[in-house]
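Residue numbers (full-length UniProt numbering): 1 to 389. Idealized CB from N, CA, C, for every residue including glycine. What follows is a short report on a single structure.
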């Protein structure tokens, strides 16, 4: 599998138009994403009718949450020449796949979605004086060929933003021009999939559309979800917070020693008195992944920054079940890996990303503005694709 930088796509205009631009510019990768998850549903043996109705349920829930997201997804489908339902599937795959699995009695996977390790460094500990926020995204290794970096220009609307996302998706990890950044990773509890909530990718998109950090907190903490998720958000003004989210409740975790580190198990004492962590069988190494990252970051004397965060996220302790996961066998003959390492410094308007970091240490830098001055240690700047006019 070749390792090349993720494509950088810039879109603008009203929702359907920017969706169309997105679809045209990232068509090949969108079709790969659609094929990947259509195949997943095929494996469950759902009838075509039930498959269609399940996706329509989520499309309706997304429209209730924000109708512009459905308009944008219709534009993506038109631009990429794929069915609208496949774009909904990309944006709600965690929820759709889990519900399909439950309905068909299919066994739980050995690997869960978003089995990631995230961290942030507060300004008081940062060598640059800026908050630094990063994550390893662990998922199917094929997604190194479906990932893109999307830059959205909003005229007279929400802040512009940059997000690393699977092609066809509206958001995953990223930051906006108001200095708000977000990463998220897998959690599980017994409350999951009891009710239809807002798909996680759309919650992340809503965060990136906020001008004020208080509204970003509201989007994370109060939006009803179908399943659990850990969501870490920060502001370049100098504050970060982690929320362990059950479908109907959120538990905040504040920085400790000017760091937040989180993997895939619940750690909030209040959360652990109120719910049961059902995800441990799928991510048993989570208990030492976050411990390793914190240990490595705290071992440095003095201030730390993007360089030290990258070093911690490259950690191969107890590989292949490590912070930085090399490609290895997962469930159903899939190959799982750390697909991307993402490191953001929102105050500088930049995000560095390395595809398949266990095999590749070459980053590219994706900027909110094309002519932003970069620090001397930044990776080469990625050039964006866009449609003229």
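Proximity to residue i [Cα-Cα], best of the options
i, options, result
"residue 297", "168, 150, 127, 87", "127"
"residue 57", "161, 195, 39, 362", "195"
"residue 367", "61, 55, 152", "152"
"residue 90", "37, 115, 43", "37"
"residue 244", "276, 258, 257", "276"
"residue 269", "301, 254, 212", "254"
"residue 291", "323, 307, 303", "323"
"residue 202", "52, 365, 174", "174"
"residue 378", "347, 364, 154", "364"
"residue 205", "123, 65, 237", "65"
"residue 55", "39, 43, 41, 88", "88"
"residue 189", "241, 267, 21", "267"
"residue 182", "273, 207, 12, 168", "207"
"residue 305", "51, 129, 52", "129"
"residue 168", "155, 150, 154", "150"
"residue 357", "139, 272, 53, 214", "139"
"residue 380", "352, 59, 23", "352"
"residue 115", "286, 362, 295, 301", "286"
"residue 390", "13, 43, 388, 307", "Any question about residue 390 goes unanswered here, given that the chain covers just 1 to 389."
"residue 307", "387, 250, 376, 251", "376"
"residue 5", "325, 23, 311, 144", "144"
Other residues of its chain near residue i: CB distance less than 8 Å, five sequence neighbours each side excluded
i, result
"residue 383", "8"
"residue 210", "158, 159, 176, 178, 180, 216, 219"
"residue 309", "119, 121, 132, 134, 297, 343"
"residue 172", "137, 163, 164, 165, 166, 184, 201, 204"
"residue 41", "51, 89, 96, 97, 100"
"residue 372", "348, 349, 350"
"residue 374", "348, 350, 365, 367, 381"
"residue 272", "266"
"residue 300", "308"
Own chain residues within Cβ distance below 6 Å of residue i, not counting five before or after
i, result
"residue 141", "327, 335, 337"
"residue 28", "none"
"residue 385", "9, 25"
"residue 61", "196"
"residue 86", "34"
"residue 154", "160"
Contacts around residue i, its chain only, beta-carbon distance under 7 Å, and the 5 residues preceding and following it disregarded
i, result
"residue 15", "68, 71, 72, 75"
"residue 369", "349"
"residue 360", "3, 354"
"residue 248", "191, 224"
"residue 82", "30, 31, 34"
"residue 102", "193"
"residue 84", "73, 74, 77"
"residue 123", "129, 130, 131, 238"
"residue 260", "119, 120, 232, 240, 242, 253"
"residue 23", "30, 75, 76, 77, 78, 79, 80"
Cβ distance (whole Å) where residue i is taken to contact residue j below 8 Å
i, j, result
"residue 221", "residue 200", "Not a contact, Cβ separation roughly 14 Å."
"residue 340", "residue 161", "Contact doesn't hold; Cβ gap of about 17 Å is too wide."
"residue 79", "residue 187", "Wrong, their Cβ atoms sit about 34 Å apart, outside the cutoff."
"residue 212", "residue 232", "With 8 Å as the limit, residue 212 and residue 232 do not qualify as a contact, their Cβ atoms being about 18 Å apart."
"residue 45", "residue 104", "6 Å"
"residue 293", "residue 316", "Their Cβ separation, rounded to whole angstroms, is 12 Å, which puts residue 293 and residue 316 out of contact at 8 Å."
"residue 228", "residue 246", "5 Å"
"residue 303", "residue 125", "6 Å"
"residue 346", "residue 236", "4 Å"
"residue 117", "residue 313", "7 Å"
Beta-bridge pairing of residue i - partner residues as DSSP gives them
i, result
"residue 352", "343, 365"
"residue 329", "335"
"residue 173", "164"
"residue 9", "150, 385"
"residue 198", "225"
"residue 189", "277"
"residue 183", "232"
Residue i: CB within 7 Å of a non-hydrogen atom of the ligand COA
i, result
"residue 8", "The model depicted lacks the ligand COA and carries no ligand whatsoever."
Which runs of the alpha helix (DSSP H), 4 residues or longer, sit entirely within the region 79-158?
84-91, 93-104
Suppose only complete runs of 4+ residues qualify. What are the alpha helix (DSSP H) ranges in the region 218-295, listed by chain order?
269-274
Along the chain, which unbroken stretches of the alpha helix (DSSP H) at least 4 residues long are found entirely within the region 7-45?
15-25, 27-44
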